[in-house]
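Its first residue numbered 1, the sequence shown is counted upward by one per residue in full-length UniProt numbering.
Each residue gets a CB set at the ideal place from its N, CA and C atoms; glycine is no exception.
Everything on this sheet refers to the single structure shown next.
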Amino acid sequence: MMTVYGTRPEAIKVAPVLRALQDHPRLESVTVVTGQHREMLDQVNEIFGIVPDHDLDVFAHAQSLNALMAKVFDRLDPVLEAEQPDALMVQGDTSTVAAAAIAAFYRRIPVVHLEAGLRSGDIMSPFPEEANRRITSQVSALHLAPTASSRDNLLREGIHGDGVVVTGNTVIDALLHTVAERQDFADERLAELEAAGGRVLLVTSHRRESWGEAMHGVGRALRRLAEAYPETTIVLPAHRNPVVREAILPHLEGQDNVLVTEPLAYAEFTRLMKLASVVLTDSGGVQEEAPSLGKPVLVMRENTERPEAVAAGTVRLIGTAEDNVVAEVARLLDEPEAYRVMANATNPYGDGNATSRCIAALAQMLGVGEREPDFSG
Ligand code: UDP
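Structure (structure tokens):
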């Protein structure tokens, strides 16, 4: 069983599965990292104790998506040739995922897609992830769908139900495991913030379709919020991508109650989520994690492929317009009733046992085990 992954969110979500594969008596695991993200990926591998067997090392500063795809094809193919895996697993929707899935398909290696069936319904948003998901579904043999609604998306597209298993999302397994192991903040400013006990607004932003003016608007909105709520600390673990940093950070200079950090190790980030009152994000994974911790999540996007927590009332789509971001955050900070309504712990994305369902489905596909009952939400 070969697993290929390339970015931080993929690493977090495959990590529990890789660990279970390592312990499996009848499945052998080979791991390949593409290095689409570099430091943020290595950081996660380190935490979960994963040492990749192959590293395609495709990262280059400011490279185009096409250059990235070409490198993955070029460098993965000899690894497929050498290892001859019985199946190849990918997770999620990055360019690493689409390229590795096609590369395996061309070699007639069955593709297993973890976190299959998410759809925003708009091929341009998130870009290029929505297209990557759809492409990957077309060439996959086994679709590990996190929820019933993601399974339904696949069935609607004509994917045969026999190849679709509802597992829950492995991010919840990773989260529960990590939250249980308390990790001190390496950044002293965060340790002090925790000790001081003030109100925290946690912000992450990186989506490609928001690059440019929309992201500047987010930066301006954060500055206005910092000025309007001097007692609240805005914490922004800044994404490594310089495009993101250059758009947001200049707006925040000189604000004492804004704390910009480097990307945090996963255990520290989960601790920070627990500390936060409100989470403002455009991240996919954070939309899944924060509701489990009972945190209201405001999503700076026009649509979402993760409708479950929106339906449960703990996630709200607010777009990226500056005034709207300010107004929506202010509403949660000012109105206890609005806050209370959103701050309920819900787990629509998983029960912490997704890994076991994934492994059982893999084992069945490879003829060495039986599927478990689907996750029922
Ligand atoms: N995360 C982290 N450190 C950080 C920020 C995020 O470990 O400083 C984790 C977060 O908990 C989630 C994942 O990274 O599991 C989300 O990654 P990202 O927002 O980059 O990607 P997306 O989920 O949007 O694909």
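Start and end residues, alpha helix (DSSP H) containing residue i
| i | result |
| --- | --- |
| Leu154 | Ala148 to Arg156 |
| Gln91 | Not the alpha helix (DSSP H): Gln91 falls in the beta strand (DSSP E), residues Leu88 to Gln91. |
| Pro307 | Pro307 to Ala312 |
| Thr320 | Here Thr320 belongs to no alpha helix (DSSP H), and DSSP marks it neither H nor E. |
| Pro263 | Where Pro263 is concerned, there is no enclosing alpha helix (DSSP H), given that its DSSP letter is neither H nor E. |
| Leu18 | Arg8 to Asp23 |
| Met1 | That residue, Met1, is in no alpha helix (DSSP H); it is neither H nor E in DSSP. |
| Leu225 | Glu213 to Ala228 |
| Ala101 | Ser95 to Tyr106 |
| Val179 | Thr170 to Ala180 |
| Val244 | Pro242 to Ile248 |
| Val341 | Pro336 to Met342 |
| Thr136 | Glu129 to Val139 |
| Leu362 | Ala354 to Met365 |
Contact set for residue i: own chain, Cβ-Cβ below 8 Å, skip 5 residues either direction
| i | result |
| --- | --- |
| Ala363 | His24, Arg26, Leu27, Gly369 and Glu370 |
| Ala101 | Leu88, Val90, Val111, His113, Ile135, Thr136, Val139 and Ser140 |
| Gly212 | Ala247 |
Minimum C-alpha distance to residue i - residue among the options
| i | options | result |
| --- | --- | --- |
| Ala62 | Ala360, Val243, Ala309 and Pro373 | Val243 |
| residue 379 | Gly352, Phe48 and Gly284 | With the chain covering 1 to 377 only, the question about residue 379 has no answer from this structure. |
| Gln255 | Ala247, Ile318 and Thr233 | Thr233 |
| Asp162 | Arg340, Asn169 and Leu154 | Leu154 |
| Gly219 | Arg108, Leu236 and Pro230 | Leu236 |
| Pro52 | Phe59, Pro263 and Ser29 | Ser29 |
| Val72 | Glu308, Thr314, Tyr5 and Tyr266 | Tyr5 |
| His177 | Ile12, Arg301 and Asp122 | Ile12 |
| Ala312 | Arg301, Val341 and Pro336 | Val341 |
| Ala321 | Glu337, Thr314, Arg301 and Ala309 | Arg301 |
| Asn241 | Ser210, Ala99 and Pro336 | Ser210 |
| residue 388 | Thr270, Leu88, Arg331 and Gly377 | In this structure the chain extends from 1 to 377, so residue 388 is not present and cannot be described. |
| Lys274 | Pro230, Asp282, His251 and Val179 | Val179 |
| Val258 | Gly367, Ala267, Tyr229 and Arg316 | Tyr229 |
| Gly197 | Leu272, Leu264 and Asp57 | Leu272 |
| Leu252 | His216, Arg133, Leu332 and Arg151 | His216 |
Cβ pair residue i, residue j closer than 9 Å
| i | j | result |
| --- | --- | --- |
| Arg8 | His37 | yes |
| Val90 | His54 | no |
| His143 | Ala116 | yes |
| Gly92 | Gly352 | no |
| residue 383 | Val33 | Here the chain has residues from 1 to 377 only, and residue 383 is not among them. |
| Pro296 | Ala343 | yes |
| Leu80 | Met1 | no |
| Ala247 | Glu262 | no |
| Pro78 | Ile109 | no |
| Pro348 | Gly377 | yes |
| Val164 | Glu288 | no |
| Leu317 | Glu268 | no |
| Pro146 | Ala360 | no |
| Pro126 | Arg199 | no |
| Gly350 | Asn169 | yes |
| Ala290 | Val315 | yes |
Neighbourhood of residue i by C-beta, 7 Å cutoff - its chain only, sequence neighbours within 5 removed
| i | result |
| --- | --- |
| Val329 | Leu201, Leu225, Val278, Leu280 and Leu298 |
| Pro128 | Leu65 and Ser95 |
| Ile50 | Ala15, Leu18 and Thr31 |
| Ser292 | Ile172, Leu175, Ala345 and Asn347 |
| Asp57 | Gly35 |
| Arg331 | Ala338 |
Host beta strand (DSSP E) of residue i (start-end)
| i | result |
| --- | --- |
| Leu201 | Arg199 to Thr204 |
| Leu65 | First-last for Leu65: Leu65 to Glu83, but that is the alpha helix (DSSP H), not the beta strand (DSSP E). |
| Met40 | Segment Glu39 to Phe48 is the alpha helix (DSSP H) holding Met40; no beta strand (DSSP E) there. |
| Leu190 | No beta strand (DSSP E) holds Leu190; the alpha helix (DSSP H) holding it covers Glu188 to Ala196. |
| Ile234 | Thr232 to Pro237 |
| Val286 | Careful: Val286 lies outside any beta strand (DSSP E), inside the alpha helix (DSSP H) at Gly284 to Ser292. |
Own chain, CB closer than 6 Å to residue i, minus 5 neighbours either side, in chain order
| i | result |
| --- | --- |
| Ser140 | Val111 and His113 |
| Ser120 | Glu130, Asn303 and Glu305 |
* Asked: How about the region 218-230 and the region 320-337: do they share at least three Cβ pairs that are nearer than 8 Å?
  -> yes
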